[in-house]
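Taken in order, the sequence shown gives residues -25 to -1, 1 to 296; the numbers are from mature numbering (1 follows the signal peptide of the UniProt record, and there is no 0).
Let me begin by presenting the structure, written as structure tokens, before commenting on it.
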Amino acid sequence: MRTLTRALGAAGVLACTVLALPAHAASQQVTVVLDWFLNADHAALLAAQYSGAFARHGLDVKLVAPADPGSPARLVAAGQADLAVSYQTQLGMLADQDIPLVRVGTLIDTPLNVLITGENVHTIADLKGRAIGVSMPGVDDAALDTMLHSAGLAMGDVRQVNVNFQLEQAIISHAVDGVIGAVRTYELIDLEQKGIKVSAFFPEEHGVPMSDELIFLAGRDHAHDAWIRQFMDALAEGANTLINHPDAMLAQTIHDHPEFDTPLNRAAWQATLPRICKQPALLNVPRYTAFATFLHAHGMMTHDIPLGQYAIDPFSQVVTP
């Protein structure tokens, strides 16, 4: 489910699937390109829609599933969408490329990345001499390097294998001994439901700084537009509704999207609830500063860029220094 930004060229057309959600008369239309297909990570967005919070704040919000998960940020930068759901872990690299985007909110405020290993690997140190599946180079390499160092190993002690996003299958088929880049509230649950014995190691417990998993990106020129503040207020109401009425929100989601009615999606919904950001506009400056330092240390950022140029609290009219 997770993906690193691949769209390094010109932005493509908005070749996406618009999700069927209840329509509301509203004065401001907002198109949100999701990071991937509709899943439990988007529960607060759905709750804001179903509870009428978006409509109450004068918004007509359309959620769009991207044809290419590498495209959301570039689509917003090109003016083809209003908001993109993206990753804090990628934000610094986007800024380093001088892409005119700004973090304006948070959807999931805990990391979801996980290193999953097969049944014969019980500690990170056990990975010495073994194969680890990766989908794409980037932040996951930095995370893996840090995790290995926490156990006295280096990248040269393991063999990396490109599994082309087939993370689960690589574990199931024993093609690799571990994978990084999977999601603890999705692939990890799916493997457990399939009866596959695995171990899970969480990056933030092995030296990787904490980060917000999913964030909202807006064009730099629109970072302080009134509709963004309306959107974040509505999303906060949606998150509260979701926490108070998780079963009702799940039932409505299944009603509108029958394909969502699976044991995996139901379990993922419950596992995601405590990870929903309750104050989506709030910017955790120390967290973002620490992660930028991490990216610099691993060569993922090469320019000294003030945080306020690529991450803000939209309710503050003063750019964060």
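Backbone N, C-alpha and C define an ideal beta-carbon position, used for all residues, glycine too.
Small disclaimer: the values here were computed from a predicted structure and weren't measured.
### Message
Let me check one thing: in DSSP terms, what residues is Val176 bridge-paired to?
### Response
Position check: residue 176 holds Phe in this sequence, whereas Val was assumed. Bridge partners of Phe176: Leu90.
### Message
Can you list, in chain order, the residues of its chain with a C-beta nearer than 6 Å to that of Thr(-9)? Leave out the 5 residues immediately preceding and following it.
### Response
Confidence at Thr(-9) is low in this model, with a pLDDT of 45, below 50, so the placement of that residue is unreliable and no value is reported for it.
### Query
When you compare only the Cα positions, how much space is there between Leu34 and Gln205?
C-alpha separation (whole angstroms): 8 Å.
### Sequence-distant residues of its chain with Cβ nearer than 6 Å to Pro184 (five each side left out)
The answer, listed in chain order, is Ala265, Phe266, Phe269.
### Message
In the DSSP assignment, the beta strand (DSSP E) including Thr268 goes from what residue to what residue?
### Response
For Thr268, there is no enclosing beta strand (DSSP E); the residue is part of the alpha helix (DSSP H) that begins and ends at 260 to 272.
### Task
Quick one: give me the first and last residue of the beta strand (DSSP E) that Arg134 is part of.
Per DSSP, Arg134 belongs to the beta strand (DSSP E) from 134 to 137.
### Message
Between the segment 96 to 106 and the segment 245 to 264, can you find at least three pairs of beta-carbon atoms closer than 8 Å?
### Response
When Cβ pairs closer than 8 Å are counted between the two stretches, the segment 245 to 264 is seen not to touch the segment 96 to 106, the count staying below three.
### Query
So, helix, strand or coil for Thr121, using DSSP?
For Thr121, the secondary structure class from DSSP, reduced to helix, strand or coil, is helix.
### Query
To which residues of the same chain is Val173 closer than 8 Å at the C-beta, ignoring the five residues directly before and after it?
Apart from sequence neighbours up to five positions away, the residues of its chain that approach Val173 with a beta-carbon distance below 8 Å are Ile91, Thr92, Gly93, Glu94, Ile146, Leu163, Leu166, Glu167, ordered along the chain.
### Message
My parser needs the beta strand (DSSP E) runs of 3 or more residues fully inside the segment 49 to 73; what are they?
### Response
Fully enclosed beta strand (DSSP E) runs of 3 or longer: 58 to 61.
### Task
Report the three-state DSSP secondary structure of Arg78 (helix, strand or coil).
Of the three classes helix, strand and coil, the one that applies to Arg78 here is strand, per DSSP.
### Through-space distance from Gly27 to Arg78, alpha-carbon basis
Spanning the two alpha carbons is a distance of roughly 25 Å.
### Task
Kindly provide the ranges of any alpha helix (DSSP H) runs that are 4 or more residues long and lie completely inside the segment 2 to 35, ordered along the chain.
Runs found: 18 to 25, 28 to 31.
### Task
Just tell me which of Arg31, Ala18, Val60, Trp11 has its CA closest to the CA of Pro44.
Ranking the options by Cα distance to Pro44, first place goes to Trp11.
### Task
Would you give the residue range spanned by the beta strand (DSSP E) that Ala223 belongs to?
Going by DSSP, Ala223 is part of no beta strand (DSSP E) but of the alpha helix (DSSP H) stretching over 221 to 231.
### Query
Which stretch, first to last residue, makes up the alpha helix (DSSP H) that contains Ala286?
Annotation for Ala286: no alpha helix (DSSP H) segment contains it, and DSSP assigns it neither H nor E.
### Task
Given a cut-off of 8 Å, decide if Leu239 and Thr160 are closer than it, judged by their beta-carbon atoms.
Cβ distance not < 8 Å, so Thr160 and Leu239 don't count as in contact.
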